[in-house]
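J.: Those sequence lines, one after another, are chains A and B. Our numbering puts the first sequence at residues -4 to 181. Our numbering puts the second sequence at residues 40 to 259.
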Amino acid sequence: GLEETICTTRLRDNIADPSRADMYNPKGGRITSLNSQKLPILSYLQLSAERGVLYRNAIMAPHWNLNAHSVIYVTRGNGRIQVVGNYKQAVFDGELHQGQLLIVPQNFAVVKQAGNDGFEWVAFKTNDNAMSSPLAGRFSVIRGMPEEVLVNAYRISRADARNLKYNREEMVVFGPQSGSQERASA
Amino acid sequence: RGQSECRVQSLSALEPARRIESEAGVTEFWDESNEQFQCAGRGIQGTMIPGCPETFQSFQQSQEGGSTRFNDHHQKIQSYRQGDIIALPAGVAHWCYNDGETPLVAVSVLDTSNYANQLDQNPRKFYLAGNPRQQQQQQQESGSSYHHQQTQQQRSGNNIFNGFDVNILAEAFGVSTETARKLQSENDNRGNIVHVKNGLQVIRPPRLEEEERQQEVRGN
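1. With 9 Å set as the bound, which would you pick, yes or no: does the beta-carbon of Pro13 (chain A) sit closer than that to a beta-carbon of chain B?
2. Taking the beta strand (DSSP E) that Tyr136 (chain B) belongs to, which residues open and close that run?
3. Three-state secondary structure (DSSP) at Ile137 (chain A)?
4. Using beta-carbon positions only, say whether Gly85 (chain B) and Cys135 (chain B) come within less than 9 Å of one another.
5. Quick check on this structure: which residue in A:Ser135, A:Tyr149 and A:Asn60 has the alpha carbon closest to the alpha carbon of Ile232 (chain B)?
6. Does the structure place the region 75 to 82 of chain A close enough to the region 118 to 129 of chain A that three or more beta carbon pairs sit under 8 Å?
7. Short check: CB of Asn62 (chain A) to CB of Gly110 (chain A), under 9 Å?
8. Looking at the unbroken alpha helix (DSSP H) that takes in Arg25 (chain A), where does it start and where does it end?
9. Which residue marks the beginning of the alpha helix (DSSP H) containing Ala154 (chain A), and which one marks its end?
10. Note down, in chain order, each residue of its chain lying with its Cβ closer than 6 Å to the Cβ of Ser28 (chain A), except the 5 sequence neighbours on either side.
11. Using the C-alpha atoms, what's the distance from Asn102 (chain A) back to Asn60 (chain A)?
12. Answer yes or no: does any C-beta atom of chain A fall closer than 9 Å to that of Glu60 (chain B)?
13. Closer than 8 Å is the cut-off here; do at least three beta carbon pairs connect the region 158 to 169 of chain B with the region 226 to 243 of chain B?
14. Name the chain C residues that come within less than 7 Å of Gly139 (chain A), Cβ to Cβ?
15. Which of the three DSSP states, helix, strand or coil, is assigned to Asn156 (chain B)?
16. Would DSSP call Gly202 (chain B) helix, strand or coil?
17. So, using beta-carbon positions, are Phe95 (chain B) and Ile116 (chain B) closer together than 9 Å?
18. So Ser57 (chain A) contacts chain B; which residues on that side make the cut at Cβ distance below 7 Å?
19. Does the distance from the C-beta atom of Glu115 (chain A) to that of Val48 (chain A) stay below 9 Å?
20. Using beta-carbon positions only, say whether Gly74 (chain A) and Gln108 (chain A) come within less than 9 Å of one another.
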């Protein structure tokens, strides 16, 4: 029965259509991902894809990829990207423009901030079910930790720990936040 | 064995207690009753798995109206004690805390050839907090024969927030730059194991023996 599966399998999908976004924030932008659960042929290729659109000055939550490298290709606009490994300096800290490509190794943390023209990219990930772990936002690893652990690990007050955990209610696409400092101190 | 017996003053390299040579290889066994294996202490541990909900929640009851106010919530915490094996999936963040009366000794086995690892075979630690760099620099000064190894350790010791721009961090977390700087732990010389004054107060169900004790107190 394998040949029947191969012959009838779906080979094409559309991740540019905004209405099919997996994550959407009207202030920040949208992310659409495509993995082998949505397009089974990808399990043969061991690849998945992600299409991202960040509006002007929006941020994609800092995160790391658990099980895949990521190849980011910029399709429109520009943005600042920082990639950080397990030593002090960022391994990449610069502007990416349309037509440029950047590789983010597995487990390295990355943050993207759109420039004035917005930032659009497509990322190819080297696992058919690529997973990432955000550092900030509603699904973040920081939010998954007890307040008390943050207080002791970072030597911060309970109020600061609470701010770290709950100030960003968005999921992974963050709108620009002009008054973040006032809110944090309030 | 009672908790008072666990006094590991120093650890030593152990020779296998038994060695079986076969036609095509050797099997070595260590004595599981050795004190070093027995006295491992106990602790609690949190693993943050992306996509999993924060199922441990605490609420505070206000005295006036009797209304409940949300206090804190986080992902599941598990207790462990001597003899337990903890398996962590590749790439997830975790923390642990010694809530026992004795030192907590754990042996980590890192599987760099696991299916998920697409990097090289070098084990890498990505710290979310702490700044163990300075501690390792001191070790480096004390001996030169391990220079290469120590340099590698020094490079692998930093907190990942350290490499990010502090303004981007502040914006991503929605906090002040001062708090973002604390995330980077630049002036924190405590290393990656820190002392918690007055014990770590986290939301977690009691251990079995604690629960039994509580039930005895509550008994008729």
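Glycine included, every Cβ here is placed at the ideal spot set by N, Cα and C.
T.: Quick look at the numbers:
1. Using a Cβ-Cβ cut-off of 9 Å, Pro13 (chain A) does not count as an interface residue toward chain B, since no Cβ of chain B sits closer than that to its own.
2. From DSSP, the beta strand (DSSP E) with Tyr136 (chain B) extends over Ala132 to Tyr136.
3. DSSP places Ile137 (chain A) outside both helix and strand once states are collapsed to three, so it counts as coil.
4. The answer is yes: Cβ separation under 9 Å.
5. Closest by alpha carbon: A:Tyr149.
6. No contact exists between the region 118 to 129 of chain A and the region 75 to 82 of chain A.
7. No, the pair does not count as a contact, with Cβ atoms beyond the cut-off.
8. Boundaries for Arg25 (chain A): no alpha helix (DSSP H) harbours it, while the beta strand (DSSP E) harbouring it runs Gly24 to Leu29, taken from the DSSP string.
9. Segment Arg153 to Tyr161, the alpha helix (DSSP H) holding Ala154 (chain A).
10. So the list reads Asp17 and Glu45, once near-sequence residues are dropped.
11. Counting only the Cα atoms, Asn102 (chain A) lies some 5 Å from Asn60 (chain A).
12. No, its Cβ sits nowhere closer than 9 Å to a Cβ of chain A.
13. Touching, yes, given that three or more Cβ pairs across the two stretches are closer than 8 Å.
14. Reference to chain C is not applicable here, since the protein chains of this structure are A and B.
15. In the three-state reduction of the DSSP assignment, Asn156 (chain B) falls in the coil class.
16. Gly202 (chain B): helix per DSSP, three-state reduction.
17. Yes, these two residues count as a Cβ contact at 9 Å.
18. Going by the sequence as given, residue 57 (chain A) is Pro instead of Ser. Close partners of Pro57 (chain A) in chain B (Cβ separation under 7 Å): Phe203 and Ala211.
19. One thing to note: Glu115 (chain A) has its Cβ within 9 Å of the Cβ of Val48 (chain A).
20. Yes, the pair counts as a contact, with Cβ atoms nearer than the cut-off.
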